[in-house]
Amino acid sequence: MKRVNDFSEWMNRKYKTTYLVISLIIFTLFMIAVLPNVSETTKEITGTNISPDTSFFYTSQKLYDIAESYGEAGRAYYIRSRFSFDIVWPIVYLFFLVTMMTFLFNSSLHLIPFLGVFFDFLENLGASYVMFRYPLDTGFIATITPIFTLLKWIFIYISFGLILAGLVRLIYCKLLMEFKKK
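Here the numbering used here is used: position 71 in the sequence shown is 73, and no number is missing along the way.
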């Protein structure tokens, strides 16, 4: 636990507003330009918008159903994209979430997004393994992968919720200070 605290303190010391601006620009560019293109390409190749990555919760059977609906080319594309795009994207949203939370809270709360990314990577490994072995049963991996997805989304939603709360608090404090000046 000491190493986690040391890492958190190090991040607080190294934080610069420049990092926040850079992370916001990169995150916004990804949201506007990259994600829609990846989504469109994925739909063209897999024939569907359904993906384990974008679901909040699904079952192992649903994961097998998705693997079947993708077809061989779709499954191959899915695996490739998990080890290219879906390595970069979590780093982008991690950078944004961590810098934003460090700016707003200057506490160890900025470690929460790391859990989201950790479970995102586990989800990618599990879902890719299921896609690779399909139609063979993958047992435990197919069962645990939806849990990784659920945990990923929980930690990401908590992070965004904290950011929203932090922004509200920041605006409230600024308004309160302005009101007290008058």
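Quick reminder that beta carbons are idealized off the backbone N, C-alpha and C, glycines included.
Do residue i and residue j have their CB atoms nearer than 8 Å?
i	j	result
residue 148	residue 48	no
residue 101	residue 172	no
residue 53	residue 43	no
residue 82	residue 129	no
residue 112	residue 10	yes
residue 104	residue 39	no
residue 58	residue 138	no
Should residue i be labelled buried (16 or more other beta-carbon atoms within 10 Å of its own) or exposed?
i	result
residue 126	buried
residue 88	buried
residue 144	buried
residue 90	exposed
residue 86	exposed
residue 154	buried
residue 165	buried
residue 179	exposed
residue 121	buried
residue 119	buried
residue 34	exposed
residue 142	exposed
The alpha helix (DSSP H) spanning residue i covers which residue range?
i	result
residue 223	Because the chain spans 3 through 184 in this model, residue 223 falls outside it and cannot be assessed.
residue 102	87-107
residue 163	142-183
residue 81	62-84
residue 48	37-48
residue 114	114-135
Assuming residue i and residue j make a contact with CB atoms under 8 Å, what is their CB distance in whole Å?
i	j	result
residue 71	residue 56	Wrong, their Cβ atoms sit about 14 Å apart, outside the cutoff.
residue 28	residue 97	7 Å
residue 161	residue 114	5 Å
residue 110	residue 7	7 Å
residue 169	residue 106	7 Å
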